[in-house]
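Visitor: Dumping the structure here so I can ask a few things about it.
Protein chains in written order, with the working numbering: chain W, 146 to 253; chain U, 146 to 253; chain B, 146 to 253; chain V, 146 to 253.
And the structure:
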């Protein structure tokens, strides 16, 4: 039987995996980053056991292509989720790891 | 050689196909529909030759699951795009066709 | 500090969240379900710490629309993932819960 | 009133936009590129008026991250669709344009 804390960690993973793969590839620019961040936050906040979601897109990475925008990539996303599973609180984050060149998800 | 008008129609199709398949599956509720609509609009507006995008989610279809939200389905989306390809204007829409039970995309 | 088992549970959640939100909305039919299952399995198998992924789409739910296909919904997906995080093994599944009418993810 | 050819061009655009935004972000490697290509082809082939879809992922661009895989990006995808709308045949492609550094979609 998993512990409550393991279940909370599992739920945190679901939210970050969902956030990432639902929105990766979305056209985005510095002008529209704010509305995409807000939609991402509010969307994932609806999922079960979520207490908080904060999403922040790295404006420095939003380089413009020839048509003046780019597409959301994993390395551009910073996110933190807080899960409350039956009183057990767990936090996790998604953050670009420059050394590994990988958008890393981890429990806090 | 395609005509400018055919190219404009092609571009309109790209935008509706992108809008649909980028955001379908996003968690959404009546409370968050507004932020998702706005992000969808602003995101697709960035793509080439777009003059206007309007997205409206059908609140009547946003039925709550056991956790109080639902996921975006094609039949919930109404959208209209206006393309300007070298002066050739084309409009197209995505709208649920109840008779066909299908989220239909069409040129206007 | 999270335990290895909590991290393994977190990783399992990531995989199911990713699987779900990457592929939900894909056009699918009984004829093409096999290739989609295989791509889903092989794709998610690449992610860190995955030991096994099995995906099975419920053919009984693949009802044809007016054009002879449907789109992948959460309730159609059955999946099981096995994570090995530094020797700690965790299994989790995604399965439609008919009583809740919800595609439920859970640790095994 | 749009011509049949404009509608066929519109339908071609829908397919490429759908293909791109449904599958962008999928974990992929040289070993799994074949199953993803096949699923992409078969999935989009189901959509209305499609006569043929060919998808080819550029193996040279599938660089491995620290965990031995990458995620599907637009520039890695080559695709060609053939639409038959009431006898009007239209072909379109998605191909990385190196000069523009952009995954360009165009009518053939």
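Built from N, CA and C at the ideal position, the CB exists for glycine as well.
Would you mind stating whether residue 195 (chain W) and residue 185 (chain W) have Cβ atoms separated by less than 9 Å?
Guide: It is not a contact, given that the beta carbons lie outside the stated cut-off.
Visitor: Determine the DSSP secondary structure at residue 244 (chain U), reduced to helix, strand or coil.
Guide: In this structure, residue 244 (chain U) counts as coil in the three-state DSSP scheme.
Visitor: Are any of the Cβ atoms in chain V nearer than 9 Å to that of residue 212 (chain U)?
Guide: So, not an interface residue.
Visitor: Hey, out of B:225, B:202, B:227, B:237, whose CA is closest to residue 215 (chain B)'s CA?
Guide: Nearest C-alpha to residue 215 (chain B): B:202.
Visitor: Anything in the segment 157–183 of chain B with a Cβ closer than 7 Å to a Cβ of chain U? List those residues in chain order, please.
Guide: Cβ contacts with chain U come from 166, 169, 170.
Visitor: Kindly indicate if chain D contains any beta-carbon less than 9 Å away from that of residue 241 (chain V).
Guide: Looking at the structure shown, chain D is missing, and the protein chains on hand are W, U, B and V.
Visitor: Look at residue 163 (chain W) and residue 172 (chain U) and say whether their C-beta atoms are less than 9 Å apart.
Guide: Cβ distance < 9 Å, so residue 163 (chain W) and residue 172 (chain U) count as in contact.
Visitor: Spell out whether any CB of chain B is found under 9 Å from the CB atom of residue 189 (chain V).
Guide: Interface residue, yes.
Visitor: Out of V:191, V:187, V:177, V:176, state which residue places its alpha-carbon closest to the alpha-carbon of residue 181 (chain B).
Guide: It is V:187.
Visitor: So which residues of chain W does residue 151 (chain B) contact, with C-beta pairs closer than 9 Å?
Guide: Under the 9 Å cutoff, chain W gives 148, 150, 151, 153, 154, 155, 235, 252.
Visitor: Check the Cβ-Cβ distances between residue 223 (chain B) and every residue of chain U, and say whether any is below 9 Å.
Guide: Not closer than 9 Å to any Cβ of chain U, the Cβ of residue 223 (chain B) fails to qualify, so no.
Visitor: In the structure shown, what three-state DSSP assignment does residue 171 (chain U) receive?
Guide: The answer is coil: DSSP assigns residue 171 (chain U) none of H, G, I, E or B.
Visitor: In the DSSP assignment, find the alpha helix (DSSP H) that holds residue 182 (chain W) and state where it starts and stops.
Guide: Note, residue 182 (chain W): alpha helix (DSSP H), 178–190.
Visitor: In the DSSP assignment, find the beta strand (DSSP E) that holds residue 204 (chain U) and state where it starts and stops.
Guide: From DSSP, residue 204 (chain U) is part of no beta strand (DSSP E); its letter is neither H nor E.
Visitor: Closest by CA to residue 237 (chain W), which one among W:243, W:244, W:228?
Guide: The shortest Cα separation from residue 237 (chain W) among W:243, W:244, W:228 belongs to W:228.
Visitor: Return the residue from the list W:242, W:212, W:179, W:192 that minimises the CA-CA distance to residue 230 (chain W).
Guide: Nearest option by C-alpha distance: W:192.
Visitor: So which residues of chain B does residue 193 (chain V) contact, with C-beta pairs closer than 7 Å?
Guide: The answer, in chain order, is 212.
Visitor: Cβ of residue 263 (chain B) less than 9 Å from any chain U Cβ?
Guide: With chain B represented from 146 up to 253, any question about residue 263 (chain B) goes unanswered, as that position is not in the structure.
Visitor: Quick one: is residue 206 (chain V) near chain B, going by C-beta distance under 9 Å?
Guide: So no, residue 206 (chain V) is outside the interface.
Visitor: Can you pull the chain B neighbours of residue 219 (chain U), defined as C-beta to C-beta under 9 Å?
Guide: Within chain B, the residues near residue 219 (chain U) are 170, 216.
Visitor: Just tell me which of B:226, B:246, B:206 has its CA closest to the CA of residue 212 (chain U).
Guide: Per the Cα distances, B:246.
Visitor: Is residue 174 (chain B) closer than 9 Å to residue 177 (chain V) when the C-beta atoms are compared?
Guide: Against a cut-off of 9 Å, the Cβ pair of residue 174 (chain B) and residue 177 (chain V) comes out as no contact.
Visitor: In this structure, how does DSSP classify residue 151 (chain V) when only helix, strand and coil are distinguished?
Guide: Three-state result, residue 151 (chain V): helix.
Visitor: Since residue 252 (chain W) sits in a beta bridge, which residues does DSSP pair it with?
Guide: DSSP output for residue 252 (chain W) lists W:237 as bridge partner(s).
Visitor: Whose CA, out of U:232, U:225, U:248, U:241, lies closest to the CA of residue 150 (chain U)?
Guide: If we check each option's Cα against that of residue 150 (chain U), U:232 comes out closest.
Visitor: Beta carbon of residue 200 (chain B), beta carbon of residue 169 (chain U): below 9 Å?
Guide: Contact: no.
Visitor: Assuming residue 239 (chain U) and residue 222 (chain U) are in contact, meaning their beta carbons sit under 8 Å apart, how far apart are those beta carbons, in whole angstroms?
Guide: Yes, residue 239 (chain U) and residue 222 (chain U) are in contact; Cβ-Cβ is about 6 Å, under 8 Å.
Visitor: Can residue 249 (chain V) and residue 241 (chain V) be called in contact, C-beta distance under 9 Å?
Guide: Yes. Within cutoff.
Visitor: Taking all protein chains shown into account, do 16 or more other C-beta atoms lie within 10 angstroms of the C-beta of residue 153 (chain B), making it buried, or fewer, making it exposed?
Guide: By the neighbour-count rule (16 or more Cβ atoms within 10 Å), residue 153 (chain B) is buried.
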